[in-house]
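*Asks:* Respectively, the protein sequence lines represent chains L and E.
Counting from 1 along the first sequence, just add 150 to a position and that's the residue number in my numbering.
Counting from 1 along the second sequence, just add 150 to a position and that's the residue number in my numbering.
Ideal Cβ placement from N, Cα and C applies to all residues, glycine included.
2 protein chains.
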Amino acid sequence: MNHIPTLSEIQEAHERIKPFIHHTPVLTSASINQLAGCEIYFKCENFQKIGAFKARGGMNAVLSLSPEEQEKGITTHSSGNHAQAIALAAIAVGTKAYIVMPSNAPNIKKNGVKALNGEIIECEPTLEARESTVQQVIERTGATFVHPFNNYDVIAGQATATVELIGEVTHLDVIMAPVGGGGLLSGTALATHYLLPNAEVIAGEPEGAADAVLSFQTGKVEKAPYIKTIADGLMTTLGDKTLEIIRKYVKDIIIVSDEEIIAAMKLIWERLKIVIEPSCAVPFAALLKEKERFKGKRVGIILTGGNVDLGKLPF
Amino acid sequence: MNHIPTLSEIQEAHERIKPFIHHTPVLTSASINQLAGCEIYFKCENFQKIGAFKARGGMNAVLSLSPEEQEKGITTHSSGNHAQAIALAAIAVGTKAYIVMPSNAPNIKKNGVKALNGEIIECEPTLEARESTVQQVIERTGATFVHPFNNYDVIAGQATATVELIGEVTHLDVIMAPVGGGGLLSGTALATHYLLPNAEVIAGEPEGAADAVLSFQTGKVEKAPYIKTIADGLMTTLGDKTLEIIRKYVKDIIIVSDEEIIAAMKLIWERLKIVIEPSCAVPFAALLKEKERFKGKRVGIILTGGNVDLGKLPF
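1. Could you compute how far the alpha carbon of E:G455 sits from the alpha carbon of L:A431?
2. Contact between the region 256-274 of chain E and the region 234-247 of chain E is defined here as three or more beta-carbon pairs at a separation below 8 angstroms; is this criterion met?
3. Is the shortest distance between the beta-carbon of E:G456 and the beta-carbons of chain L less than 7 angstroms?
4. Report back the beta-carbon spacing between E:V284 and E:V250 to the nearest angstrom; my notes put them in contact at under 8 angstroms.
5. Apply the 10 Å Cβ neighbour rule to E:D303 and answer buried if 16 or more other Cβ atoms are within range, or exposed otherwise.
6. Measuring from the CB of E:E221, is there a heavy atom of the ligand ADP at a distance below 6 angstroms?
7. State the Cα-Cα distance for the pair L:M209 and L:I190, rounded to the nearest angstrom.
8. Determine the contact status of E:C380 and E:P347, defining contact as a CB-CB distance below 7 angstroms.
9. Taking the continuous alpha helix (DSSP H) assigned at L:A341, which residues delimit it?
10. Does the region 393-402 of chain L come into contact with the region 162-178 of chain E, if we say contact requires no fewer than three beta-carbon pairs (one atom in each stretch) closer than 8 angstroms?
11. Thinking C-beta only, is L:I452 closer than 7 angstroms to L:K193?
12. Could you list which residues in chain E have their beta carbon closer than 9 angstroms to that of L:K168, in chain order?
13. Spatial neighbours of E:K373 within its chain, please: C-beta separation below 7 angstroms, excluding the five flanking residues on both sides.
14. Ignore the nearest five residues each way along the sequence and tell me which others in E:A293's own chain have a CB closer than 7 angstroms to its CB.
15. Provide the residue span of the beta strand (DSSP E) that contains L:P328, from first to last.
16. Please identify, using Cβ separations under 7 angstroms, the residues of the region 183-214 of chain L that lie next to chain E, in order along the chain.
17. Counting only Cβ-Cβ distances shorter than 8 angstroms, please list the residues of the region 364-392 of chain E near chain L, keeping chain order.
18. Kindly give me the distance between the Cβ atoms of L:H164 and L:V313, rounded to whole angstroms, as I take these residues to be in contact under 8 angstroms.
19. Quick one: is E:R206 buried, meaning 16 or more other Cβ sit within 10 Å of its Cβ, or exposed?
20. Please name the residues in the region 395-426 of chain E whose beta-carbon is closer than 7 angstroms to at least one beta-carbon of chain L, in chain order.
21. Helix, strand or coil for E:A353? Go by DSSP, reduced to three states.
22. Are the beta-carbon atoms belonging to E:K423 and L:V425 less than 7 angstroms from one another?
23. Drop a sphere of 10 angstroms on the beta-carbon of L:E357, count the other beta-carbons inside from all chains shown, and report buried for 16 or more, exposed for fewer.
24. Using a Cβ cut-off of 7 angstroms (strictly closer), state whether E:F444 contacts chain L.
25. Just list the beta strand (DSSP E) runs in the region 218-247 of chain L, keeping only unbroken ones of 3 residues or longer that don't cross its boundaries, in chain order.
26. Helix, strand or coil: which one does DSSP assign to E:L364?
27. Out of L:K462, L:A435, L:G230, L:Q308, state which residue places its alpha-carbon closest to the alpha-carbon of L:P252.
28. So L:G230 contacts chain E; which residues on that side make the cut at Cβ distance below 9 angstroms?
29. For E:I241 and E:G307, what's the separation of their Cα atoms in angstroms?
30. Taking three-plus beta-carbon pairs below 8 angstroms as touching, is the region 311-328 of chain L in contact with the region 268-278 of chain L?
31. Grouping DSSP H, G and I as helix and E and B as strand, with all else coil, what is E:L453?
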């Protein structure tokens, strides 16, 4: 797709991926609502296939390719959930996934890709090396590159989490998501714009990867002043496509510290009894930080994933 | 109730407590099924009110009292989930809960009871002190004592988790639960006996609190050879009521080590993305230990609770 997805394209994406993904549950907690002073509906993408919402976007992008393109395989560079999403999608269409990963990627991530039959191609841990290695894969195999977020088919896929949330929970006033590269946030904002135009979309971003809030202000893809955060899924900058959508349809981006992220993450583990990764707690941390703003409202929060190293918990 | 609950008494218990408890979800995981070689349906009582199945039994026992009894209050001795269950049930009928707790009970447990308006009466950390302190409460207030497990109304309440599971998942071959005092296991066995008489009920018990497996053999309430296990919810011996039901309707009790419990717990956290307490992982550990026995079967497992100190995880 070469344009911002329309409502019907998002709905088509949803139909397309439905057989391959989970319709994830929405959880609530009376004690969290009491503490937060509003009604929160958590859309649990930590229960999604591969443990993260990324399964939606990767699946839609791969299913949207022509049979000829699919046959030659799919490639991407990622050390995170998008790598597994592409490997899963390649299985769904019976093709190969070539995943470029930095040589220092944790074994747990490599094993996740291998378990889904993905072929790992290691490279130096720099963006340049990643991109040139992907280029080599493309030249060798003819595989199609699927960008983790700056891709309209991926964005349409990520939007389907919000389509499900809005279809299930009525009268939401606010919908929240974290922002890294902005694929999920773009999709969330688009779906909300089309289906619930009076609701606000508000993002959370870590203080230690605060690029999106800058880009949001200047209108250019900015780098973060510094990168140091526990929310390791949110370290990337926006892309031109995600920036445009976010500038148009997102109301605000709230910055939170790692301490606030860890406290919010712990609350969700304790009260909802679910495992979420730190990146995932960012919008809830933002809500708790600016409680007054959300007082008495009905708030949907996309919980993005649950792939966390249990041996390295921050509490 | 002064007799083993009948099917209709269990069904009445279910109707009685429904407005006050959650109908908890059943979760599955393709990767866990692959690894275990069977199909497992996890009944997630970690999502229950107060974070544990105990809400069911406590609620049923308290709701079954006469208005005169309810008015005088409820008492129990417990430093665990049953304390919160009774406090919650007391709120439901608008009465007082007097919870006798050992003076060395962790603050997190005390705070849980206080948050539910329970009155804590501290005593020395011995069973004798607990019982005599409860006796004093009864003499002073006229409150009714609700035993954590050796009580038919409590057992009928715990049985309702299995009623829901069997109502939702067809053709189960085996239903599994952990065994501590045996309230949950008795309820599970009764509900299965009435509703799915061809299914087997198999329990898991920690090696470091292996009293039930002995009692199961001898027919008397036996003590464990030694007590040392991470499964802190399963340290008590059976009661006469639970022993009788378990001897009649349970097929087998499988013993597992703490290492096996921790490995099973970690797998559930990683794959199902949910928070469960160690006691809760015991039946799944038992299944993994005797995989061949469960091969290709449809197995329901009651996940009992998710109240775990995140600061003291075993991995």
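*Replies:* Reading it off the structure:
1. The residue labelled residue 455 of chain E in the question sits at position 305 within the second sequence. The residue labelled residue 431 of chain L in the question sits at position 281 within the first sequence. Spanning the two alpha carbons is a distance of roughly 23 angstroms.
2. Yes: the two stretches touch, three or more of their Cβ pairs being nearer than 8 angstroms.
3. Position 306 of the second sequence, counted from the first residue, corresponds to residue 456 of chain E. Interface criterion met: the Cβ of E:G456 is under 7 angstroms from a Cβ in chain L.
4. Taking the first residue of the second sequence as position 1, residue 284 of chain E is located at position 134. Taking the first residue of the second sequence as position 1, residue 250 of chain E is located at position 100. Sure, about 5 angstroms apart at Cβ, within 8 angstroms.
5. By 1-based counting over the second sequence, the position of residue 303 of chain E is 153. A residue is called buried once 16 or more other Cβ atoms fall within 10 Å of its Cβ, and E:D303 is buried on that count.
6. This structure simply doesn't include the ligand ADP, nor any ligand for that matter.
7. Within the first sequence, the letter at position 59 stands for residue 209 of chain L. Within the first sequence, the letter at position 40 stands for residue 190 of chain L. Taking the straight line from one Cα to the other gives about 28 angstroms.
8. As a position in the second sequence, residue 380 of chain E is number 230, starting the count at 1. As a position in the second sequence, residue 347 of chain E is number 197, starting the count at 1. Here the sequence assigns Ile to residue 380 of chain E, which means Cys is not the residue at that position. Not in contact: E:I380 and E:P347 (Cβ atoms no closer than 7 angstroms).
9. Residue numbering aside, residue 341 of chain L sits at position 191 when the first sequence is read from its first letter. Where L:A341 is concerned, the enclosing alpha helix (DSSP H) stretches over 333-345.
10. Short answer: they don't touch.
11. In the first sequence, the residue the question calls residue 193 of chain L occupies position 43. In the first sequence, the residue the question calls residue 452 of chain L occupies position 302. Yes; because the gap between Cβ atoms is below 7 angstroms, this pair is in contact.
12. Taking the first residue of the first sequence as 1, we reach residue 168 of chain L at position 18. Within chain E, no C-beta atom comes less than 9 angstroms from the C-beta of L:K168; the nearest is roughly 17 angstroms away.
13. Here residue 373 of chain E refers to the residue found at position 223 when the second sequence is read from its first residue. Counting only Cβ-Cβ distances below 7 angstroms, and skipping sequence neighbours, we find D361, T387.
14. The residue you call residue 293 of chain E lines up with position 143 of the second sequence. If we look at E:A293 and ignore the five residues flanking it on each side, its Cβ neighbours are K222, G223, I224, T225, Y248, V287.
15. Against the first sequence, residue 328 of chain L aligns to sequence position 178. Looking at the DSSP string, the run of the beta strand (DSSP E) that includes L:P328 is 324-328.
16. If the cut-off is 7 angstroms between Cβ atoms, the region 183-214 of chain L has N196, F197, G201 near chain E.
17. Result list empty, no residue passes.
18. For the purposes of this step, residue 164 of chain L is identified with residue 14 of the first sequence, where counting begins at 1. For the purposes of this step, residue 313 of chain L is identified with residue 163 of the first sequence, where counting begins at 1. Separation of the CB atoms of L:H164 and L:V313 is rounded to 6 angstroms, and the pair is thereby assigned contact status at 8 angstroms.
19. Working through the second sequence from its first residue, we reach residue 206 of chain E at position 56. It counts as buried.
20. Taking 7 angstroms as the Cβ-Cβ cut-off against chain L, the residues of the region 395-426 of chain E that qualify are K416, W419, E420, K423, I424, V425.
21. Position 203 of the second sequence holds residue 353 of chain E. In the three-state reduction of the DSSP assignment, E:A353 falls in the strand class, which pools E and B.
22. Residue numbering aside, residue 423 of chain E sits at position 273 when the second sequence is read from its first letter. Residue numbering aside, residue 425 of chain L sits at position 275 when the first sequence is read from its first letter. Their beta carbons are under 7 angstroms apart, which means E:K423 touches L:V425 by this criterion.
23. Translated into positions along the first sequence, residue 357 of chain L becomes position 207. Label assigned to L:E357: buried.
24. Position 294 of the second sequence, counted from the first residue, corresponds to residue 444 of chain E. Among the CB atoms of chain L, none fall inside 7 angstroms of the CB of E:F444.
25. Qualifying beta strand (DSSP E) stretches, in chain order: 224-227.
26. The residue given as residue 364 of chain E occupies position 214 in the second sequence. Note: E:L364 maps to helix in three-state DSSP.
27. The residue labelled residue 252 of chain L in the question sits at position 102 within the first sequence. Just measuring C-alpha positions, the residue of L:K462, L:A435, L:G230, L:Q308 sitting nearest L:P252 is L:G230.
28. Within the first sequence, numbered from 1, the residue matching residue 230 of chain L stands at position 80. Residues of chain E passing the Cβ test: none, with the nearest at roughly 16 angstroms.
29. Working through the second sequence from its first residue, we reach residue 241 of chain E at position 91. Working through the second sequence from its first residue, we reach residue 307 of chain E at position 157. Spanning the two alpha carbons is a distance of roughly 17 angstroms.
30. Short answer: they don't touch.
31. Numbered from 1 along the second sequence, position 303 holds the residue referred to as residue 453 of chain E. Reduced to three states, the DSSP call for E:L453 is strand.
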